[in-house]
Structure formats: structure tokens, C-alpha cells
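J.: Okay, handing you the structure first.
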Amino acid sequence: MRTASPDAGEWVDGFLFVANRPVLDFLNTKPILADGPTELLPDVHALERWLIASGTVTLLKTKSLLRSWRQSSEAEAFRKDLIAFRERLREAVLRMEAGSAPSDDFLKEINARLQQHPLRSALRRRNGGVVRETFFDPAEPADLWAPLVDGAADLLAETETSRIRQCESCIVHFFDTSKKGSRRWCSMNICGNKIKVAAYQRRKRDRDSE
């Protein structure tokens, strides 16, 4: 199994963004690096950085609020709950990639969290038209569930489940948005080129041995 190189251009502030779905990028916050499985969200500050790097949090007011929570026991409790949720989400995604449905227990958990932490929405005028935008206004760390569980719900309700995949060469998950649905790797920079070079070298050895 190959490791992800932290020098690749898809890394932002120490986090990998190649999945085309923020919830899958969240799932990829425990990649395999040179030293083995690596937790990229070991503390509240790291979670704050990921929320900003992923675009989950964009407003200056919310960013300031996140900073104020760095030493908060509530924020640390939320982080621990989120890490545990990530592993349950991983199990659900692996089931979907294998052609099965998520477990009933996990669907019940998602439904409960959607009820507890709903996203708000509003209609806005944009470019001569009207768009519906979702947003959240957190008052406490637990309110950060809203965008994350909403993204998880969208993923679980995805109809093109065959496009939810795991890289053929590492543990990174992604949603294939290519026109032909032929994406095989997390990234050409991280795994794709290595596989192509290895295949070329293998073919060359075969030709040389003939």
C-alpha cells in the first residue's frame, strides 16, 4: 500500500483535498503517511484549521469564534465525538463502495443529528437569478455538526454510488466527477504517476526478458 506524499499540490495547510466532496475529504483526515496511519485532527486547533481549509467555515465571525474555543473542553469533547463519527462514516462508505447499503443504525444516527443540528437556508439573488444557499451560525462547538452531518446525509443519499471510490493504491476515498467515470486514483501526483511508472517498468522488464 502506497503512502501519500505531503509535498503533493493537493495538500492545503497540512490536509489532503482530492475527494470532490468535503465529507470525503473529512474521511481522509486519517491517511497513511510515511510513518503509517496518521491522525491529522489530533487537537481542537487542528480541527479548526481543517474547517477553514475545507471551506466549511468561511465567515470571519465564525473563524474568530473557532479561535476562542481552542482551550474549550466542549470543543475537545466535540472533536472526540467527531473522530468516532468519522470511523462510523468510514464503515458506511466502505459498505457503499462494496455495493451494500449503510447500516440502519448509522442511518438512524444521521437522522437524529440532522434533527438536532439542521442547516438553515435562504434564497439569494445572484447573477440575475435566485439561488438557495445553506448556512449555519454556530453558538457552541456542537453546532459544527450541522454542515458535516448534512454533507454525510447527501453522500448517503447519492444515487451514483459507483462513483464513490477508494484509490486503487492507498486508503484515500473520493467521488469520481470525471465524464467517463474512469478515475482510479486519489491523485495523479500522489498515486497515479507512481502506478503508471511501475506499469511501464514492468512492461519494459517483460520486453527485455523476451
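So the sequence shown is numbered by our numbering: it starts at 739 and just counts up by one.
No residue lacks a Cβ here, since even glycine has one placed at the ideal position from N, Cα and C.
A quick note: this is a predicted structure, and the numbers were derived from the prediction, not measured.
For D892, count the other beta carbons within 10 Å of its own beta carbon; 16 or more makes it buried, fewer makes it exposed. Which is it?
T.: Along the sequence shown, read from residue 1 onward, the residue named residue 892 stands at position 154. The residue is exposed, with fewer than 16 neighbouring Cβ atoms inside 10 Å.
J.: With DSSP run on the structure shown, which of helix, strand or coil describes L754?
T.: Your numbering for residue 754 matches position 16 in the sequence shown. L754: strand per DSSP, three-state reduction.
J.: Which residue from V761, R922, E777, P876 puts its Cα closest to that of R858?
T.: Here the question's residue 858 lines up with position 120 in the sequence shown. Answer by Cα proximity: P876.
J.: Hey, is the stretch 752-768 in contact with the stretch 903-914, meaning 3+ C-beta pairs nearer than 8 Å?
T.: Yes: at least three Cβ pairs fall under 8 Å.
J.: With DSSP as the reference, label Q809 as helix, strand or coil.
T.: Counting from 1 along the sequence shown, the entry for residue 809 is found at position 71. Here Q809 sits in coil by DSSP.
J.: Grab me the residues of A822's own chain with a C-beta within less than 8 Å of its C-beta, minus the 5 sequence neighbours each way, in chain order.
T.: Taking the first residue of the sequence shown as position 1, residue 822 is located at position 84. Closer than 8 Å at Cβ, skipping near neighbours: no residue.
J.: Going by DSSP, what residue range makes up the beta strand (DSSP E) through A860?
T.: Stepping through the sequence shown from its first residue, residue 860 is reached at position 122. Element bounds for A860: 858-864.
J.: So what's L779 in DSSP terms, helix, strand or just coil?
T.: Counted from its first residue, the sequence shown places residue 779 at position 41. Correct three-state label for L779: coil.
J.: Who pairs with T872 in a beta bridge, going by DSSP?
T.: The residue you call residue 872 lines up with position 134 of the sequence shown. DSSP output for T872 lists S859 as bridge partner(s).
J.: Keeping to the same chain, check which residues put their C-beta closer than 7 Å to that of F816; ignore five residues upstream and five downstream.
T.: Taking the sequence shown and counting its residues from 1, one reaches residue 816 at position 78. Closer than 7 Å at the Cβ level, and outside the excluded window around F816, lie P879, A880, L882.
J.: Hey, how far is the Cα of D819 from the Cα of G866?
T.: Residue numbering aside, residue 819 sits at position 81 when the sequence shown is read from its first letter. Residue numbering aside, residue 866 sits at position 128 when the sequence shown is read from its first letter. Each residue's alpha carbon lies about 42 Å from the other.
J.: Classify L771 as helix, strand or coil using the three-state DSSP reduction.
T.: Reading the sequence shown from its first residue, position 33 is the one you call residue 771. Note: L771 maps to strand in three-state DSSP.
J.: Please return the same chain residues whose Cβ sits closer than 6 Å to the Cβ of Y938, not counting the five positions on each side in sequence.
T.: Residue 938 sits at position 200 when you count from the first residue of the sequence shown. With a pLDDT of only 37 at Y938, under the threshold of 50, the placement of this residue in the model should not be trusted, and no figure is reported.
J.: Can you tell me which residues form a DSSP beta bridge with Q904?
T.: For this step, residue 904 is matched to residue 166 along the sequence shown. Q904 pairs with H911.
J.: Measuring CB to CB, does I840 end up less than 8 Å from A850?
T.: By 1-based counting over the sequence shown, the position of residue 840 is 102. By 1-based counting over the sequence shown, the position of residue 850 is 112. Residue identity check: residue 840 is Pro in the sequence provided, not Ile. No, they are not a contact pair.
J.: Given this structure, state the Cα-to-Cα distance separating A742 from D843, to the nearest angstrom.
T.: Within the sequence shown, residue 742 is the residue found at index 4, counting from 1. Within the sequence shown, residue 843 is the residue found at index 105, counting from 1. Summary for A742: the model assigns pLDDT 41, below 50, so the residue's position carries little reliability, and this model does not support an answer.
J.: Using alpha carbons as the reference points, say which of L779, T800, H855 lies closest to E814.
T.: Your numbering for residue 814 matches position 76 in the sequence shown. Ranking L779, T800, H855 by Cα distance to E814 puts L779 first.
J.: Compare the C-alpha of L803 against each of F874, G837, D773, L754 and name the closest.
T.: Residue 803 sits at position 65 when you count from the first residue of the sequence shown. Checking every option, the nearest Cα to that of L803 belongs to F874.
J.: Less than 7 Å between C-beta atoms, sequence neighbours within five positions excluded: which residues of the same chain meet that for C929?
T.: Counting from 1 along the sequence shown, the entry for residue 929 is found at position 191. Excluding positions up to five away in sequence, the list reads R740, C905, S907, C908, W923.
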